[in-house]
Amino acid sequence: MKAKLLRDAGEMLEGAEVEIGSTAGTNDARSDEDVGGRSATVAPVYEVTDDEGHAEKVDTRDLKPLP
């Protein structure tokens, strides 16, 4: 499944198209700097990769699924 990053993740820049891989745990808290602001709601985290081979763990709230 492809998605668009809503914020920078490591060497992958905001707006990059990434491939969503397997689940990598959960994000138990978010700060004011995160997209959407502070939250205490637990959300899944996924391993994502870009076309250049970079891989990062990204909260689902920082991803927008692509059709």
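Remember, my numbering sits 352 above the position in the sequence shown when you count from 1. Glycine included, every Cβ here is placed at the ideal spot set by N, Cα and C. Source: prediction; values computed, not measured.
Query raised in the report: Which word fits M353, buried or exposed, when buried means at least 16 other C-beta atoms lie within 10 angstroms of its C-beta?
Result: Walking along the sequence shown from the start, residue 353 turns up at place 1. Exposed, because fewer than 16 other Cβ atoms sit within 10 Å of the Cβ of M353.
**Report entry** Alpha-carbon spacing of L418 relative to L358, whole angstroms
**Finding:** Within the sequence shown, numbered from 1, the residue matching residue 418 stands at position 66. Within the sequence shown, numbered from 1, the residue matching residue 358 stands at position 6. So the two alpha carbons sit approximately 12 angstroms from each other.
Query raised in the report: Would DSSP call T412 helix, strand or coil?
Result: The count along the sequence shown starts at 1 and reaches residue 412 at position 60. Residue state, collapsed to three classes: helix.
Query raised in the report: So what's T375 in DSSP terms, helix, strand or just coil?
Result: Numbered from its first residue, the sequence shown carries residue 375 at position 23. Here T375 sits in strand by DSSP.
Query raised in the report: Is L415 buried or exposed, if buried means 16 or more other CB atoms sit within 10 Å of its CB?
Result: Counting from one through the sequence shown, the residue named residue 415 turns up at place 63. The residue in question, L415, is buried, as its Cβ has 16 or more Cβ neighbours within 10 Å.
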